[in-house]
Amino acid sequence: MLELAFVCVIKAEFEGMFSRVVVLLVLFTYVVCGFVLQKQGTPLRRSAFLMSSSGNVMPSTTKQIALQSLKSLGLMAGPLAVTVLGLQQQRADAKLDYDQKEYENRPNKQDQAVTYNGVPPDFAAVRADIANMIGERADKGPTLVRLAWHSSGTYDKITKTGGSQKGTIRFKEELAHGANAGLDIAVSWLEPIFKKFNKATDLSYADLYTLAGVVAIEKLGGPKIPWRAGRVDSFEVSDVTPDGRLPDADKGNPMATAEGLRNIFGRMGFNDQEIVALSGAHALGRCHATASGYVGPWTFTPTTFNNQYFVLLKGLQWVPANSKAITKFQYADPSGKLMMLPSDIVLIQDGEFKKYVDIYAKDQKTFFSDFAAAFQKLEELGCENLFTV
Ligand code: HEM
10 MLELAFVCVI KAEFEGMFSR VVVLLVLFTY VVCGFVLQKQ GTPLRRSAFL MSSSGNVMPS
70 TTKQIALQSL KSLGLMAGPL AVTVLGLQQQ RADAKLDYDQ KEYENRPNKQ DQAVTYNGVP
130 PDFAAVRADI ANMIGERADK GPTLVRLAWH SSGTYDKITK TGGSQKGTIR FKEELAHGAN
190 AGLDIAVSWL EPIFKKFNKA TDLSYADLYT LAGVVAIEKL GGPKIPWRAG RVDSFEVSDV
250 TPDGRLPDAD KGNPMATAEG LRNIFGRMGF NDQEIVALSG AHALGRCHAT ASGYVGPWTF
310 TPTTFNNQYF VLLKGLQWVP ANSKAITKFQ YADPSGKLMM LPSDIVLIQD GEFKKYVDIY
370 AKDQKTFFSD FAAAFQKLEE LGCENLFTV
């Protein structure tokens, strides 16, 4: 039982190869010593309790004492190794996921100095750092795409407010908007890159967030999206646009949800075809109960940018999800592993949207080129004086 519990702890706690090797060595020592002792006539079960106070299983030879000690050491070292290495792993993960201090200290207020000294950054080097980060952890890519989209999708073509131009999504006031739940983490991931390049050059948050989106899409197998630099950050919290400028996943019924999408994307200047193309970004990533309250990925390949979102949207039988772990209304496929939001399903319920789902499900090349055009447009909404780098 003890060994079984030990193995379960290892399985649950450990991902790293080093940790596994250490723990397996300890386990191996324990089992081998127990085996040798048993061969010598000391029963395995009883030998495990040699050091206990029972007193009736004392070894008779020096060799047995040595083996018994080694075995007991193994027994104690196991849980110790589990605890120490588990804590180390936890600390490393926390650092990787979310550097709270970096995030809190970011220069996002008027009175905090950020250098703007007329030297353009080496954008190839910035790209390389973003790509390396995603190379180390591909699942960061989708969240960076979402950050780029939410930083841009606040644009209003009538008032010409919002959009990626001023980098305001880094302000806690904008991150607190309902639709942005979970994006503070992505902001914190980019903070070290901002600090590295902003020391001596003019890298802006607004350029960094939008560049991270296109680098992530390309790195995860998607189209190369033209990207231009020159966004200038605002240091005025008053530039944060009102909450409610991003689309709702559910307006209660398909007609209202479709209308909601057309209103929100129409305000930015997008038509039906562009709405459908942009929604194809849900090939990537997943919903997190801790962020939106929805749960699960849209495709079986959430770190690969492809047209699977459309293929699966059309090809699978989507039914309302029925699981205790899911608290909001969403759809599930027959395997129960994939999900769709009401705003995804509406793309096959609405005839005008569905026309484009059919095209993109059949033709990945057209999807890639339409997506690239729409995503560049999205990232440049409201931006002035951009230049090619
Ligand atoms: C059409 C309206 C849209 C709605 C209602 C919507 C809604 C959502 C929701 C609820 C999530 C889950 C967030 C979470 O729980 O972490 C999500 C994730 C995501 N969205 Fe959208 N979205 C829409 C359009 C878009 C667009 C236009 C893009 C990009 C072009 C996009 C890219 C993503 C990505 C990549 C993720 C995954 C993030 C991750 O894995 O952390 N979405 N979206």
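The number in the numbering used here is simply the position in the sequence shown, starting from 1, with 9 added.
Built from N, CA and C at the ideal position, the CB exists for glycine as well.
Taking 8 Å as the limit between beta carbons, can you name the residues of its chain near residue i, skipping five residues before and five after?
i, result
"serine 62", "Below a pLDDT of 50, predicted positions are generally treated as unreliable, and serine 62, at 44, falls in that range; no measurement from the model is reported."
"leucine 347", "Gly305, Pro306, Trp307, Thr308, Phe309, Leu321, Leu325 and Ala341"
"leucine 184", "Ile178, Leu192, Asp193 and Val196"
"glutamate 268", "Lys260"
Who are residue i's beta bridge partners in DSSP?
i, result
"aspartate 403", "Outside the shown range of the chain (10 to 398) lies residue 403, about which nothing can therefore be said."
"proline 343", "For proline 343, which the question treats as bridged, DSSP gives no partner whatsoever."
"arginine 295", "Pro306"
Grouping DSSP H, G and I as helix and E and B as strand, with all else coil, what is residue i?
i, result
"glycine 269", "helix"
"valine 196", "helix"
"proline 351", "helix"
"valine 241", "coil"
"valine 328", "strand"
"proline 306", "strand"
"phenylalanine 180", "coil"
"threonine 397", "strand"
"arginine 254", "coil"
"arginine 146", "coil"
"alanine 382", "helix"
"aspartate 367", "helix"
"phenylalanine 274", "helix"
"alanine 300", "coil"
"glycine 187", "helix"
"serine 247", "helix"
"proline 130", "coil"
"isoleucine 234", "coil"
"isoleucine 357", "helix"
"isoleucine 335", "coil"
"proline 311", "coil"
"aspartate 138", "helix"
"leucine 229", "coil"
"aspartate 216", "helix"
"lysine 374", "helix"
"alanine 286", "helix"
"leucine 390", "coil"
"histidine 152", "A small correction: the amino acid at residue 152 is threonine; histidine does not occupy that position in the sequence shown. In the structure shown, threonine 152 sits in a helix (DSSP, three-state: H, G or I)."
"threonine 209", "In the sequence on display, residue 209 carries alanine and not threonine. DSSP places alanine 209 in coil when its eight states are reduced to three."
"lysine 204", "helix"
"glycine 261", "coil"
"phenylalanine 362", "helix"
"phenylalanine 2", "Residue numbering for the chain in the displayed model covers 10 to 398; residue 2 lies beyond these limits and cannot be assessed."
In its own chain, which residues sit with a C-beta less than 6 Å from the C-beta of residue i, not counting the 5 before and 5 after it?
i, result
"proline 306", "Arg295"
"alanine 57", "The predicted model places alanine 57 with a pLDDT of 42, which falls under 50 and marks its position as unreliable, so this point remains unresolved."
"phenylalanine 279", "none"
"aspartate 379", "Ala286"
"valine 398", "Phe132 and Ala238"
"methionine 349", "Trp327 and Tyr340"
"alanine 188", "Leu255"
Among residues of its own chain, excluding the 5 on either side of residue i, which ones have a beta-carbon nearer than 7 Å to its beta-carbon?
i, result
"cysteine 392", "Gly172, Ser173, Gln174 and Arg240"
"alanine 221", "Ile139, Leu153, Leu156, Ala157 and Leu199"
"asparagine 394", "Gly239"
"tyrosine 214", "Gly176, Arg179, Phe203 and Asp242"
"asparagine 300", "For the record, residue 300 in the displayed sequence is alanine; it is not asparagine. Ala190 and Gly191."
"histidine 297", "Gly191"
Using a Cβ-based criterion (distance less than 6 Å to any ligand heavy atom), does residue i qualify as near the ligand GTP?
i, result
"proline 235", "The ligand GTP is absent from the structure shown, which contains only the ligand HEM."
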